[in-house]
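Start counting the sequence shown at 81; every next residue gets the next number (our numbering). The structure appears right after this line, and notes come after that.
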Amino acid sequence: MMFSFTSLGEKIDYSINNGRGPFVFRMSGENYHRIGDIVPEPGQAPKIFQLYIIDTLNEIKNRLDAYASQCAKKLRETVVQLLKNMLDQCNPQVKAFRSARDRFDVKGSTGYRMRLIVDNLMDGPIIFRLQMKWLL
């Protein structure tokens, strides 16, 4: 989840993996994605897609801090940096969020509305587009 754009909006059952056997991902309720606000709440660190926009000079540290579990402590900063660079070069969604960051840096945080639009093509890939509008 370190490089995700949205968070899952359903209730996840973590208790199912307490025994032996293969990992099972079980959820209940409706599955949806939350994109959240462009700017974190006061006093809160950036998370999810905010990591692509807010304080990108410290992005690697912010990503590692956002996932400060035992697994994240074992991650190497150089590997996270390489993955970030690869996504910056190859992933169209990352490019859209970086574009939002550039606009955000110029105009400030007020007056933006961000939407994640899904284009579901028949028998084809699901395409996510980011729409960012300046509101008057």
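Quick reminder that beta carbons are idealized off the backbone N, C-alpha and C, glycines included. Small disclaimer: the values here were computed from a predicted structure and weren't measured.
With DSSP as the reference, label residue i as helix, strand or coil.
i    : result
S108 : strand
W214 : Reliability fails at W214, whose pLDDT of 46 lies under 50, so the model's placement of it is uncertain and the value that follows must be treated cautiously. In the structure shown, W214 sits in a strand (DSSP, three-state: E or B).
D93  : strand
S84  : coil
P126 : coil
N165 : helix
R181 : helix
E139 : helix
V174 : helix
L131 : helix
V119 : coil
L265 : Coverage of the chain is limited to positions 81 through 216, which leaves residue 265 absent and any answer about it impossible.
Pull up the CB-CB distance for residue i and residue j, whole angstroms please, since I reckon it's below 8 Å.
i    : j    : result
I128 : F85  : 7 Å
E157 : L144 : 7 Å
Grab me the residues of residue i's own chain with a C-beta within less than 7 Å of its C-beta, minus the 5 sequence neighbours each way, in chain order.
i    : result
N97  : F103, V104
R219 : Past the edges of the chain, shown from 81 to 216, lies residue 219, and the structure says nothing about it.
Q169 : none
Under 8 Å, do residue i and residue j count as touching if we go by C-beta distance?
i    : j    : result
I140 : K175 : no
M82  : Y147 : yes
A125 : N142 : yes
Just to confirm my understanding: we take residue i, look at its own chain, exclude 5 residues before and 5 after, and list those with CB closer than 6 Å. What are they?
i    : result
Y94  : none
Q130 : P120
Q161 : I140
Within its chain, find whatever has a CB closer than 8 Å to the CB of residue i; leave out the 5 residues flanking it on each side and keep chain order.
i    : result
F177 : F85, F129, Y132, I133, L210
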